[in-house]
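This report refers to the structure that appears directly beneath it.
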Amino acid sequence: MSGHSKWANIQHRKGRQDEKRGKIWTRIIREITVAARAGGADPSSNPRLRLAMDRARSANMPADRIKYNIDKATGCAEGISYEEIRYEGYGMAGVAIIVDTMTDNRVRTVAEVRHIFAKYGGNMGAAGSVVFQFKHCGQFVFAPGVSEDHVMELALEAGADDVVTDCEGVIEVITSVSQFESVKTALTAAGLTPEVSEVTLRADNPIELTGADAVRMQKLFDALEDLDDVQAVYHNAELDTDNL
């Protein structure tokens with residue numbers, strides 16, 4: 018399998034996330050808090066909260082912990098008030114990077130993000146400088162060996178925008194954000210379990226990196242994701258995973 022393959026990159030990203038699982042709860046709690054304050058405590062009428070709760074369950078967060086944080090957010094209990102800020106920039110070879118943060122101190126956060134970009138050969142850009150290279154969408158990814166015809170039939174009937182299969186047999190289902198839940202329900206009801214199921218920023222034009230460039234770029238991504246205020250890092254790099 019090629020080091021640049023979509024499947025290798027997906028598996029590599031999942032492995033990195035597993036290594037950092039200790040920080041996942043903190044990020045999910047922030048997302049639950051912001052979503053509940055913005056849209057209310059009822060997940061049936063608050064899609065963002067519903068997605069955050071799904072993430073919490075996937076991360077094995079106890080139901081009482083989820084409820085506590087929703088109640089805390091909507092009950093206006095005293096606590097930290099988070100602000101959502103997006104930063105954009107470039108890595109080596111023109112790789113586009115988006116960093117979504119939640120912070121109670123934007124001065125601290127921008128300084129930390131800027132420092133990481135500079136340390137690993139990147140540059141921060143102005144708002145809007147790279148986001149046009151990404152599509153805000155729902156994404157489901159299935160491992161090679163899953164029936165393409167079955168996935169395609171179910172997904173398109175449920176409202177998916179597109180189903181793409183690469184040369185390795187990796188199946189990717191793309192949906193609008195509004196249709197994400199209906200497509201997820203249809204796939205789950207049919208017993209299909211995707212390797213990836215998320216609302217994300219999907220890059221339009223991936224850039225391949227090899228050797229030392231790939232290693233350094235991974236260090237940049239790791240350093241950004243290790244920052245306490247960072248919720249998610251999106252990019253259009255496809256890394257040669259053989260030496261990572």
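Residue numbers (my numbering): 18 to 261. For every residue, glycine included, the Cβ atom is placed at its ideal position computed from N, Cα and C. This one's a predicted model, so the numbers in the text were calculated from it and none came from an experiment.
- Per DSSP, the beta-bridge partners of G142 are E105.
- Non-local beta-carbon contacts of V190 in its own chain, meaning distances under 6 angstroms to residues more than five positions away in sequence, involve F157, A172, A177, V180 in chain order.
- Here DSSP, grouped into helix, strand and coil, assigns S164 to coil.
- The alpha carbon of M169 has as its nearest neighbour, out of H153, T192, K152, the alpha carbon of T192.
- If the five residues before and after I46 are omitted, its C-beta is found closer than 7 angstroms to the C-beta atoms of N86, all from its own chain and listed in chain order.
- When C-alpha distances from G186 are compared across D166, E198, S146, K201, the shortest belongs to D166.
- Here the C-alpha atom of V232 lies approximately 43 angstroms from the C-alpha atom of T91.
- Straight across, the Cα-Cα distance linking I188 with V127 is about 37 angstroms.
- Of L68, G162, R103, the smallest CA-CA separation from V247 is found for R103.
- Per DSSP, reduced to three states, the secondary structure at D183 is coil, with no helix or strand assignment.
- Exposed is the label assigned to C184, since fewer than 16 other Cβ atoms lie within 10 Å of its Cβ.
- Under the DSSP assignment, T205 falls outside any beta strand (DSSP E), being part of the alpha helix (DSSP H) whose first and last residues are 197 to 206.
- For T120, the beta-bridge partners assigned by DSSP are E100.
- Between A220 and the set D230, A254, A249, the nearest pair of CA atoms involves A254.
- Assignment of beta-bridge partners to V147 by DSSP yields no partner.
- In terms of Cβ geometry, A203 and A175 form a close pair [threshold 7 angstroms].
- Pairing E198 with T120, the inter-Cα distance amounts to about 28 angstroms.
- For A254, the enclosing beta strand (DSSP E) begins and ends at 254 to 256.
- By the criterion of at least three beta-carbon pairs nearer than 8 angstroms, the region 70 to 84 is not in contact with the region 105 to 125.
- Less than 7 angstroms divides the Cβ of V116 from the Cβ of V250.
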